[in-house]
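*Asks:* Mind having a look at this structure? Questions to follow.
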Amino acid sequence: MYFGLSEEQVFFQDNVKKFLTDNASIEEIRKIANGEGDELQKEIFQGIVNLGINTLLVPEEYGGLGVGLLHAVAISQALGNGVGPIPFSGSYVMAPIALNLAGSDDQKSKYLSKIATNEVRFGIGLSEFVGAREDAGIEISNGKASGRALFVADAENADHIILSNKAGVMFVIDSSTSGVELNKLTTVDKTRAFHEVILKNVDCDILEKSEKDIELAKKVVDAGRIILAADTLGASESMIEKAVAYSKERKQFNRTIGSFQAVKHMCAEMASELEPCYALVWQAAHSFDNDSVEESRLLACMAKSHLSEVGKEISKKSTEVHGGMGFTDLLGLHYWFKRIGLNRQLLGAPELVREEAAEIQGFNQ
Amino acid sequence: MNLEFGTEYNDFISEVQDFCKEYSNATITTNNDKKFEILDALPVNSNEKTGKTVNRSDWQRILIEKGYFARSVPKEYGGYGGEPDIIKSRIIATEFSKYKVPSAMGGQGIDMLVPTLLEWGTEEQKQKHVKSTLHGETIWCQGYSEPNAGSDLANLQTKGELIDGNWVINGQKIWTSTAQFSQMMFCLIRTEPEASKHAGISFILIPMDTPGIEIRPLVDMTLKAGFNEVFFDDVTVPEDCLVAKRGEGWSVANSVLGHERGSLANPNATMNRLNTLIGLMKEETIDGRRLIDIPSYRDRLLKVQGRVMAVQAHSLRLLSSKINPEQNVKLGSMIQKLVGTELRHELEGLAIDIMGELGTLYEDDPNVRDGGSWQFTYMYFLGLIIGGGTNQIQKNIISERGLGMPREPKVTVEV
Numbered sequence: 026m027y028f029g030l031s032e033e034q035v036f037f038q039d040n041v042k043k044f045l046t047d048n049a050s051i052e053e054i055r056k057i058a059n060g061e062g063d064e065l066q067k068e069i070f071q072g073i074v075n076l077g078i079n080t081l082l083v084p085e086e087y088g089g090l091g092v093g094l095l096h097a098v099a100i101s102q103a104l105g106n107g108v109g110p111i112p113f114s115g116s117y118v119m120a121p122i123a124l125n126l127a128g129s130d131d132q133k134s135k136y137l138s139k140i141a142t143n144e145v146r147f148g149i150g151l152s153e154f155v156g157a158r159e160d161a162g163i164e165i166s167n168g169k170a171s172g173r174a175l176f177v178a179d180a181e182n183a184d185h186i187i188l189s190n191k192a193g194v195m196f197v198i199d200s201s202t203s204g205v206e207l208n209k210l211t212t213v214d215k216t217r218a219f220h221e222v223i224l225k226n227v228d229c230d231i232l233e234k235s236e237k238d239i240e241l242a243k244k245v246v247d248a249g250r251i252i253l254a255a256d257t258l259g260a261s262e263s264m265i266e267k268a269v270a271y272s273k274e275r276k277q278f279n280r281t282i283g284s285f286q287a288v289k290h291m292c293a294e295m296a297s298e299l300e301p302c303y304a305l306v307w308q309a310a311h312s313f314d315n316d317s318v319e320e321s322r323l324l325a326c327m328a329k330s331h332l333s334e335v336g337k338e339i340s341k342k343s344t345e346v347h348g349g350m351g352f353t354d355l356l357g358l359h360y361w362f363k364r365i366g367l368n369r370q371l372l373g374a375p376e377l378v379r380e381e382a383a384e385i386q387g388f389n390q
Numbered sequence: 028m029n030l031e032f033g034t035e036y037n038d039f040i041s042e043v044q045d046f047c048k049e050y051s052n053a054t055i056t057t058n059n060d061k062k063f064e065i066l067d068a069l070p071v072n073s074n075e076k077t078g079k080t081v082n083r084s085d086w087q088r089i090l091i092e093k094g095y096f097a098r099s100v101p102k103e104y105g106g107y108g109g110e111p112d113i114i115k116s117r118i119i120a121t122e123f124s125k126y127k128v129p130s131a132m133g134g135q136g137i138d139m140l141v142p143t144l145l146e147w148g149t150e151e152q153k154q155k156h157v158k159s160t161l162h163g164e165t166i167w168c169q170g171y172s173e174p175n176a177g178s179d180l181a182n183l184q185t186k187g188e189l190i191d192g193n194w195v196i197n198g199q200k201i202w203t204s205t206a207q208f209s210q211m212m213f214c215l216i217r218t219e220p221e222a223s224k225h226a227g228i229s230f231i232l233i234p235m236d237t238p239g240i241e242i243r244p245l246v247d248m249t250l251k252a253g254f255n256e257v258f259f260d261d262v263t264v265p266e267d268c269l270v271a272k273r274g275e276g277w278s279v280a281n282s283v284l285g286h287e288r289g290s291l292a293n294p295n296a297t298m299n300r301l302n303t304l305i306g307l308m309k310e311e312t313i314d315g316r317r318l319i320d321i322p323s324y325r326d327r328l329l330k331v332q333g334r335v336m337a338v339q340a341h342s343l344r345l346l347s348s349k350i351n352p353e354q355n356v357k358l359g360s361m362i363q364k365l366v367g368t369e370l371r372h373e374l375e376g377l378a379i380d381i382m383g384e385l386g387t388l389y390e391d392d393p394n395v396r397d398g399g400s401w402q403f404t405y406m407y408f409l410g411l412i413i414g415g416g417t418n419q420i421q422k423n424i425i426s427e428r429g430l431g432m433p434r435e436p437k438v439t440v441e442v
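Laid out in structure tokens, this is it:
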């Protein structure tokens, strides 16, 4: 029995962390956030792709590593930890899982092998499948898709985008096809890109198996939720470390503020809330890889909703420990605050996800 | 990640399951013996007791013979004599919980004194006390806290002087659970007044029928006399009642305090309680509508469920770190008492809230739900939030020893 990340997973995670520490300092993150770091962002992206994040969830037969979601969780923690300004949850987790689950053999070899070689990158948008705002949504008719999708992940410069209709029929479009309009959404979180995608009669390559099975799109959402929970886990961990480090340096009343119980207790509360979350997120990923959908979906919902709550609390308290400096742009702590804030809303805010968890368990009649 | 215990445990699992099926929902009788009643710390829903009936002493003996209790305590001291095996212990706990099999007797003698004596006691002390404690023949109480030594436990002042080969003890203890039913007390006594605060304390065993001991019950907010004050007036016990050396009492006590903190918030028990709450919310109604169908109640339930599932997963991680010592979960083990007690208090409080006015019924009211156990446990866990090292002290420990934050500077001015 071994409950935790494997040596290999930790090694991979540490490499990503180290890369971000060395190449994505707060100054560099700020540049990117201010829209002045396109080249820099490309370099960071290339550096992390060189570590192999694109290959994780591509099966071996298509040239990938074919490891499970837990491996991706380890990476997602590292990206959250360093507010990694690169596409991941969509391009390298949800998209390959969607293609692998729902694609025909032809579709798989066409797309998955190119993800593994980094020839193509995917964006993916399932927000309307989870719950449509502003009556957005996509209709498919005679192999053509029309409509509007919001909060499409990792679509910036993506070669293809996976979208779905309300029935969970997933399809691939070519981003450069005519009739595709991409509008970047300005969210609080400037470390990752989300888009509005408008389709007007666009050719779509329907992922065959999803036509009759709504469960497949749901399973992709499960994976996305677990990965977002892991991102929040990593970001929260970092916020606690920053709060503790700051409290040991900052002096008031001739003492480091970390020697005041008011501050110590806030840090202890943050640590106590977060510590059990590692196990919850890891178990959810392990269950996604190994168990029945019923079991793993409940854990996915719980990981997503619980981490959203814990992350919210930690991002608030950590900022408070930093006092006025925490509120400034100067320190850059807000990049973590905002990343956690966006994760919370993506693929279902906590109340909605808990309601799904209730349904799974047959609580509401 | 590998959640399998390994095929070598399959036989053991089915053996334990067979036993659990036989004793599922069993009732343990105490023959109105108060000393046993108090040790079954929490009331259990009487309507769940549909299985066999077993006498408390017999149950204790059966569990030891099977190796489901006192598993790694050597045979010569009345235990089962098995090799320590964390996985087997976990299997036993999990299956017992799953099949609602009554657990073995607990209490401070079994949970705290037995491990203490096994680690620090003389051969004679082990022979004399361990077996009778495991079999429930000797009940112990713990004499640590004093009126002026609560969170600052090392400030304790109850004095012991060695006079003519006997310890003569004077002073007062407080928060002493089960003192009125106990045959023995293990306690911390200041025997070296010249030594520093922590180095002046000794660990001493005192028979409760020694002349000069007075016990006054202390009724707590649950209206049960869970605690006592114990007064010592020239209480005289032989020199060999000392465990370890003079002045080593603080180390002795600390070596087992961790056991208590871990045991205060068992995640299996919390999960069982959550399931009972779910059942309650499906049964109880308001205006004919099931409580679980009310979205705000349901959302609170799901919020708590997320926390319970996190804590349960966390217990697997802690278990794994015991099996695989290279896993470092130091911070993770420090938070157990704080997180577990707060969560349980919240869960019990939710049950009261969803029942509304009915949730305030207590004791023997004919309309009370589940024997009043929701109110009782809600208050009981507030007691646990305060006891066993208050949760504020836990936060000091977590921040100082877990996060490496500086200690509070010593106050030097007179206030």
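Going line by line, the protein sequences match chains A and L. Okay, so the first sequence: first residue is 26 according to the working numbering, each after it adds one. Okay, so the second sequence: first residue is 28 according to the working numbering, each after it adds one. Where is the CB? At the ideal position from N, CA and C, for every residue including glycine.
1) Rounded to a whole number of angstroms, what is the C-alpha to C-alpha distance between THR257 of chain A and ASN368 of chain A?
2) Check TRP167 of chain L in the structure and name its three-state DSSP category.
3) Please name the residue, chosen from L:LEU411, L:THR143 and L:GLU427, that lies closest to TRP500 of chain L on a Cα-to-Cα basis.
4) To which residues of the same chain is ALA333 of chain A closer than 6 Å at the C-beta, ignoring the five residues directly before and after it?
5) Using DSSP with H/G/I as helix, E/B as strand and the rest coil, what is THR211 of chain A?
6) GLN286 of chain A versus chain L: which residues are under 9 Å apart at the beta carbon?
7) Once DSSP output is grouped into helix, strand and coil, what is the label at LYS191 of chain A?
8) Hey, how far is the Cα of GLN402 of chain L from the Cα of LEU370 of chain L?
9) Can you tell me which of the three DSSP states ALA180 of chain A falls into?
10) Just to confirm, does PHE278 of chain A get its C-beta within under 7 Å of one of the non-hydrogen atoms of the ligand GTP?
11) Once you ignore the five residues that flank THR341 of chain L on each side, which residues in its own chain have a CB closer than 7 Å to its CB?
12) Report all residues from its chain with a CB closer than 7 Å to the CB of ASN74 of chain L; omit the five preceding and five following residues, and keep chain order.
13) Roughly how many angstroms separate the alpha carbons of SER209 of chain L and LEU189 of chain L, rounded to a whole number?
14) For LYS447 of chain A, which residues from the same chain have a beta carbon less than 6 Å from its beta carbon, with the 5 sequence-adjacent residues on both sides left out?
15) Thinking C-alpha only, which one of L:VAL356, L:SER124 and L:ASN37 is nearest ASN299 of chain L?
16) Please report the distance separating the alpha-carbon of ASP247 of chain A from that of GLU86 of chain A.
17) Please report how far the alpha carbon of VAL83 of chain A lies from the alpha carbon of LYS309 of chain L, in whole angstroms.
18) Please report how far the alpha carbon of TYR107 of chain L lies from the alpha carbon of LEU145 of chain L, in whole angstroms.
19) Alpha carbon to alpha carbon, how far is ASN423 of chain L from TYR27 of chain A?
20) Just to confirm, are ILE163 of chain A and LEU126 of chain A a CB contact at a threshold of 8 Å?
21) Provide the residue(s) that pair with MET212 of chain L in DSSP beta bridges, ordered along the chain.
22) So with Cβ pairs under 8 Å, would you call GLU294 of chain A a contact of chain L?
23) Please list, in chain order, the chain C residues whose beta carbon lies closer than 9 Å to that of ASN351 of chain L.
24) What separation, rounded to the nearest whole angstrom, lies between the Cα atoms of LEU69 of chain L and ARG434 of chain L?
25) Name the two residues that bound the continuous alpha helix (DSSP H) containing ASP326 of chain L.
26) Let me confirm a value: HIS331 of chain A is counted as buried when at least 16 other C-beta atoms fall within 10 Å, else exposed. Which label applies?
27) Starting from GLN199 of chain L, trace the beta strand (DSSP E) in both directions and tell me its first and last residue.
28) DSSP three-state call for LYS237 of chain A: helix, strand or coil?
29) I'd like to check one pair, ILE242 of chain L with VAL262 of chain L: are the Cβ atoms closer than 8 Å?
30) Listed from N- to C-terminal order along the chain, which residues in the stretch 363-387 of chain L have their beta-carbon within a distance smaller than 7 Å of any beta-carbon of chain A?
31) Compare the C-beta of VAL269 of chain A with all C-beta atoms of chain L and state if any pair is closer than 8 Å.
32) For a quick check, are the C-beta atoms of SER343 of chain A and ILE265 of chain A less than 8 Å apart?
33) Grab me the residues of PHE388 of chain A's own chain with a C-beta within less than 7 Å of its C-beta, minus the 5 sequence neighbours each way, in chain order.
34) Note down, in chain order, every chain L residue with its Cβ under 8 Å from the Cβ of SER272 of chain A.
35) Leaving aside the five residues before and after ILE313 of chain L along the sequence, list all residues of the same chain whose C-beta is less than 8 Å from its C-beta, in chain order.
36) Closer than 7 Å by beta-carbon distance: list the chain L residues that pair up with ARG369 of chain A, in chain order.
*Replies:* In this structure, then:
1) The count along the first sequence starts at 1 and reaches residue 257 of chain A at position 232. The count along the first sequence starts at 1 and reaches residue 368 of chain A at position 343. Straight-line Cα distance between these residues: approximately 7 Å.
2) Locating residue 167 of chain L in the second sequence gives position 140, where the first residue counts as 1. Strand at TRP167 of chain L.
3) One cannot answer for residue 500 of chain L here, as it falls past the ends of chain L, which runs 28 to 442.
4) Position 308 of the first sequence holds residue 333 of chain A. Reading off the sequence shown, one finds Ser at residue 333 of chain A, where the question assumed Ala. The answer, listed in chain order, is ARG369 and PRO375.
5) Counting from one through the first sequence, the residue named residue 211 of chain A turns up at place 186. Correct three-state label for THR211 of chain A: coil.
6) Looking up residue 286 of chain A in the first sequence gives position 261. Within chain L, the residues near GLN286 of chain A are GLN419, LYS422, ASN423, SER426 and GLU435.
7) Along the first sequence, one-based indexing puts residue 191 of chain A at 166. Look at LYS191 of chain A here: in three-state DSSP terms it is coil, with no helix or strand label.
8) Sequence index remark: in the second sequence, residue 402 of chain L carries index 375 (1-based). Sequence index remark: in the second sequence, residue 370 of chain L carries index 343 (1-based). GLN402 of chain L and LEU370 of chain L: Cα-Cα distance of roughly 15 Å.
9) Position 155 of the first sequence, counted from the start, is the residue given in the question as residue 180 of chain A. ALA180 of chain A falls in the coil class under three-state DSSP.
10) Ligands are entirely absent from the displayed structure, and the ligand GTP is therefore not among its contents.
11) In the second sequence, counting from the first residue as 1, residue 341 of chain L sits at position 314. According to the sequence as given, residue 341 of chain L is His; it is not Thr. Excluding sequence neighbours, HIS341 of chain L sits near GLY359.
12) In the second sequence, counting from the first residue as 1, residue 74 of chain L sits at position 47. Summary for ASN74 of chain L: the model assigns pLDDT 46, below 50, so the residue's position carries little reliability; its value from the coordinates is reported in the next sentence. Counting only Cβ-Cβ distances below 7 Å, and skipping sequence neighbours, we find nothing.
13) On the second sequence, residue 209 of chain L is found 182 positions in, with the first residue counted as 1. On the second sequence, residue 189 of chain L is found 162 positions in, with the first residue counted as 1. Cα to Cα, the separation comes out at about 25 Å.
14) Within the shown structure, residues of chain A are numbered from 26 to 390, placing residue 447 of chain A beyond reach of any answer.
15) Numbered from its first residue, the second sequence carries residue 299 of chain L at position 272. Out of L:VAL356, L:SER124 and L:ASN37, L:SER124 has the C-alpha closest to the C-alpha of ASN299 of chain L.
16) Reading the first sequence from its first residue, position 222 is the one you call residue 247 of chain A. Reading the first sequence from its first residue, position 61 is the one you call residue 86 of chain A. So the two alpha carbons sit approximately 24 Å from each other.
17) As a position in the first sequence, residue 83 of chain A is number 58, starting the count at 1. As a position in the second sequence, residue 309 of chain L is number 282, starting the count at 1. Looking at the two C-alpha atoms, the distance is approximately 44 Å.
18) As a first step, residue 107 of chain L must be located in the second sequence, where it is residue number 80. As a first step, residue 145 of chain L must be located in the second sequence, where it is residue number 118. The straight-line gap from Cα to Cα measures roughly 14 Å.
19) Here residue 423 of chain L refers to the residue found at position 396 of the second sequence. Here residue 27 of chain A refers to the residue found at position 2 of the first sequence. Each residue's Cα considered, the two are about 31 Å apart.
20) Taking the first sequence and counting its residues from 1, one reaches residue 163 of chain A at position 138. Taking the first sequence and counting its residues from 1, one reaches residue 126 of chain A at position 101. Cβ distance not < 8 Å, so ILE163 of chain A and LEU126 of chain A don't count as in contact.
21) Counted from its first residue, the second sequence places residue 212 of chain L at position 185. In the DSSP output, where bridge partners are listed per residue, MET212 of chain L has L:CYS168 and L:ILE233.
22) Working through the first sequence from its first residue, we reach residue 294 of chain A at position 269. For GLU294 of chain A, the answer is yes, since a Cβ of chain L falls inside 8 Å of its Cβ.
23) The structure shown has no chain C; the protein chains it does contain are A and L.
24) Residue 69 of chain L sits at position 42 when you count from the first residue of the second sequence. Residue 434 of chain L sits at position 407 when you count from the first residue of the second sequence. Residue confidence for LEU69 of chain L is low, a pLDDT of 44 falling below 50, so the modelled location carries little weight and cannot support an answer.
25) The residue you call residue 326 of chain L lines up with position 299 of the second sequence. Segment 322-350, the alpha helix (DSSP H) holding ASP326 of chain L.
26) Working through the first sequence from its first residue, we reach residue 331 of chain A at position 306. By the 10 Å Cβ count, HIS331 of chain A comes out buried.
27) Indexing the second sequence from 1 puts residue 199 of chain L at position 172. It spans 193-200 - the beta strand (DSSP E) in which GLN199 of chain L sits, taken as one unbroken run.
28) Within the first sequence, the letter at position 212 stands for residue 237 of chain A. Three-state DSSP puts LYS237 of chain A in coil, outside helix and strand.
29) Within the second sequence, residue 262 of chain L is the residue found at index 235, counting from 1. Within the second sequence, residue 242 of chain L is the residue found at index 215, counting from 1. Not closer than 8 Å, so no.
30) LEU365 and VAL366
31) The sequence position of residue 269 of chain A within the first sequence is 244, counting from 1. Yes, VAL269 of chain A lies at the interface with chain L (some Cβ there is under 8 Å from its Cβ).
32) As a first step, residue 343 of chain A must be located in the first sequence, where it is residue number 318. As a first step, residue 265 of chain A must be located in the first sequence, where it is residue number 240. Contact flag set, yes.
33) By 1-based counting over the first sequence, the position of residue 388 of chain A is 363. Correct list: empty, nothing qualifies.
34) Position 247 of the first sequence, counted from the first residue, corresponds to residue 272 of chain A. MET432, listed in chain order.
35) As a first step, residue 313 of chain L must be located in the second sequence, where it is residue number 286. Only ILE321 and GLY383 meet the Cβ criterion.
36) Within the first sequence, residue 369 of chain A is the residue found at index 344, counting from 1. From the beta-carbon of ARG369 of chain A, no residue of chain L is found nearer than 7 Å; the closest lies around 14 Å away.
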